[in-house]
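Counting along the sequence shown from 1, when you hit position 164 you're at 164 in the UniProt record's numbering, and nothing is skipped either side.
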Amino acid sequence: MNLPPQSTFDSQFQDPTITRTQLRDFMISKVVLTYPKDPSEDCIAVAIHTLSKKIAIARPGDKTWTTIQNISFVMDVIYFKQQLYGIGANRKLYICDIRSYPPKASEVHVSYSLSFEGVNRYLVEWFGLNDNLTFADNVVLNGDFEEGPLVYTLSTSPTSESPQPRYNSQPMA
Numbered sequence: 001m002n003l004p005p006q007s008t009f010d011s012q013f014q015d016p017t018i019t020r021t022q023l024r025d026f027m028i029s030k031v032v033l034t035y036p037k038d039p040s041e042d043c044i045a046v047a048i049h050t051l052s053k054k055i056a057i058a059r060p061g062d063k064t065w066t067t068i069q070n071i072s073f074v075m076d077v078i079y080f081k082q083q084l085y086g087i088g089a090n091r092k093l094y095i096c097d098i099r100s101y102p103p104k105a106s107e108v109h110v111s112y113s114l115s116f117e118g119v120n121r122y123l124v125e126w127f128g129l130n131d132n133l134t135f136a137d138n139v140v141l142n143g144d145f146e147e148g149p150l151v152y153t154l155s156t157s158p159t160s161e162s163p164q165p166r167y168n169s170q171p172m173a
């Protein structure tokens, strides 16, 4: 797959003493590929990059990565049911419109029962009776003790006042 070089991310870290491999490991924390239903559409590469954990996208043949400007400090992303989701360090869930130009993120209302500081967040596709988007909080206490994970299933329930789905989180037993 022909993707743009990492030097085209909109925020660069410059240090002549580190190698390209070290720079890649420092700059890019995750890359996912979309899988469109329509085989005539290209897949899209999605990367979490830089110290501010921004999301950038690129299609095969693009010359540069395009950063989604209205979201930062993203802990994880997942491509689920033809939508890209991101979860922020602030516990906010976002749906990212990666087919528009410029790409943008929209916050999704999610109600939570608990909130912790010092938490790693992960988005997971959970298979079972229902195909659900799930996220897990891994609580870090005093930097060396992990408790959890606390796992939440996000279920959509359309409301009459809004065509946008609302997400309700339920802790899993």
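Yeah, the Cβ is synthetic: ideal placement off N, Cα and C, and Gly gets one too.
Small disclaimer: the values here were computed from a predicted structure and weren't measured.
Residue i to residue j span [Cα, whole Å]
i: Thr19; j: Phe26; result: 10 Å
i: Pro103; j: Cys96; result: 7 Å
i: Val74; j: Cys43; result: 21 Å
i: Arg24; j: Gln69; result: 21 Å
i: Lys81; j: Leu93; result: 15 Å
i: Ile78; j: Asp15; result: 31 Å
i: Gln49; j: Lys37; result: First, the residue type needs correcting, since residue 49 is His and not Gln in the sequence shown. Each residue's alpha carbon lies about 27 Å from the other.
i: Leu51; j: Lys63; result: 22 Å
i: Val139; j: Ile87; result: With a pLDDT of 46 at Val139, under the threshold of 50, the modelled position of that residue is not reliable, and the figure given next carries that caveat. The straight-line gap from Cα to Cα measures roughly 15 Å.
i: Thr21; j: Ser7; result: 13 Å
i: Thr17; j: Val32; result: 29 Å
i: Asn90; j: Ala105; result: 15 Å
i: Ser40; j: Gln83; result: 18 Å
Same chain, Cβ closer than 7 Å to residue i, neighbours up to 5 away in sequence not counted
i: Arg99; result: none
Own chain residues within Cβ distance below 8 Å of residue i, not counting five before or after
i: Asn2; result: Pro60, Gly61
Top-ranked residue by Cα proximity to residue i, from the options
i: Ile71; options: Ser40, Glu41, Ala45, Val108; result: Val108
i: Ser29; options: Gln83, Arg91, Asp76, Pro39; result: Asp76
Range of the contiguous alpha helix (DSSP H) that encloses residue i
i: Leu3; result: Segment: none, Leu3 is in no alpha helix (DSSP H) and carries neither H nor E.
i: Phe80; result: Segment 74 to 80 is the beta strand (DSSP E) holding Phe80; no alpha helix (DSSP H) there.
Sequence-distant residues of its chain with Cβ nearer than 6 Å to residue i (five each side left out)
i: Ala58; result: Leu3, Pro4, Ala45, Trp65
i: Thr67; result: Asp10, Lys54, Ala56
i: Ala47; result: Ile28, Val31, Ala56
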